[in-house]
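Step one of this worksheet: look at the structure below.
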Amino acid sequence: MNKVINNIKNRRSIRRYLDKKIEKNIINELIDSATYAPSSHNRQPWNFIVINNKKIIDELSADINKWYKRIVHIGTPLSFIKEVKKSVDEMRKRVESDSDLFFYHAPLIIILHAPKKQFFLQDCSCAAQNMMLAARSLDIGSCWIGFADIALNKSNKIKKKLKIPVSHQVMATIAFGYTEKFPSNALPRKQPNINFF
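Under numbering that gives the first Met the number 0, the first residue of the sequence shown carries the number 0, and numbering increases by one thereafter.
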C-alpha cells in the first residue's frame, strides 16, 4: 500500500504517553509539516503555541478544569433537558477525576490559533491534520483535544495567559507524545454515504 495512504489509515488518537520529551528538532518538523498545508489564497493564517514544559501543561490543564467546573455548576439547573444532562454528567466525571483527562499527561501540547476570518478554520484544520500525520510517521502519538479548544475560546483569562490575541480563535489544541505501542490497525470505518452524479 502507498506509504501516505497507509499512514492516513493507521493514524489513531492516542491518550497514553510515555514520560519522554519530544526533541526540539522533531517539534520543528511537526510545525514545518503544518505550514505545508493548503490555505485559502495561500494566506497561511496559523500561529503556533508550543508547550513542552510539564509544569505549564499541568497548569493549563488545571485552568481548563476550573473553567469546566464553573460550566458544570451553571448547567446543573438545566439538567432536566436530556441532552444537557448527558453533557453535564460526562463533564462532571471529567472534572472530578484525579487524572488529567484533558491532556493525558502528554509531554507536548501545540495550539494553533488565527484571526476569526473566513476559511481560517479550514486552513488551520488542514495544518493540524498535517501535524498529526507527520507525528504518526515519526512514531509519535497525537490527540486533538476538542474540550480544550472550547475552554480556550470561551475564557479570555486563559487566552491572555497564553498571549493569544482576543481577536484570535483557537483552531486546534493537540497533545503529542511517545507511546508504548500503537494499535495494530484502525477502528472499523462506517460505510460512507456517497452520491455520484
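Even glycine gets a Cβ: it sits at the ideal position worked out from N, Cα and C.
If you drop the 5 nearest sequence neighbours on each side, which residues of the same chain put their C-beta closer than 6 angstroms to that of serine 38?
Asp122
In whole angstroms, what separates the C-alpha of isoleucine 48 from that of aspartate 99?
20 angstroms
Return yes when the Cβ of isoleucine 63 is within less than 8 angstroms of the Cβ of isoleucine 108, no when it is not.
Contact: no.
Would you list the residues sitting across from isoleucine 109 in a DSSP beta bridge?
According to DSSP, which records beta bridges pairwise, isoleucine 109 is partnered with Val49 and Ile173.
Can you confirm whether the region 171 to 178 touches the region 86 to 94 when touching is taken to mean that 3 or more C-beta pairs between the two stretches lie within less than 8 angstroms?
no
Please classify proline 106: is it buried, with 16 or more other beta-carbons within 10 angstroms of its beta-carbon, or exposed?
buried
Whole angstroms is fine: what's the gap from lysine 153's alpha carbon to methionine 0's?
43 angstroms
Under three-state DSSP, which class holds histidine 40?
helix
Tell me the residue span of the alpha helix (DSSP H) that contains serine 154.
Segment: none, serine 154 is in no alpha helix (DSSP H) and carries neither H nor E.
For glutamine 190 versus alanine 113, is the C-beta distance shorter than 8 angstroms?
no
Using a Cβ-Cβ cut-off of 7 angstroms (strictly less than) and excluding sequence neighbours within five positions of tyrosine 35, which residues of its own chain qualify?
Within the same chain, tyrosine 35 has close Cβ partners Asn129.
Candidates Lys158, Asn184 and Lys20, of which the one nearest tryptophan 66 by Cα
Lys158
Three CB pairs or more closer than 8 angstroms across the region 1 to 16 and the region 40 to 47
no
Only counting the same chain, and skipping five residues up and downstream in sequence, which positions put a Cβ closer than 7 angstroms to that of alanine 147?
The beta carbon of alanine 147 lies closer than 7 angstroms to those of Ile63, Phe101 and Thr172 in the same chain, with the five residues before and after it left out.
Which residue from Asn6, Ile56 and Lys2 puts its Cα closest to that of lysine 20?
Residue Ile56 is the option with its Cα nearest to lysine 20.
Helix or strand or just coil, what does DSSP make of serine 166?
coil
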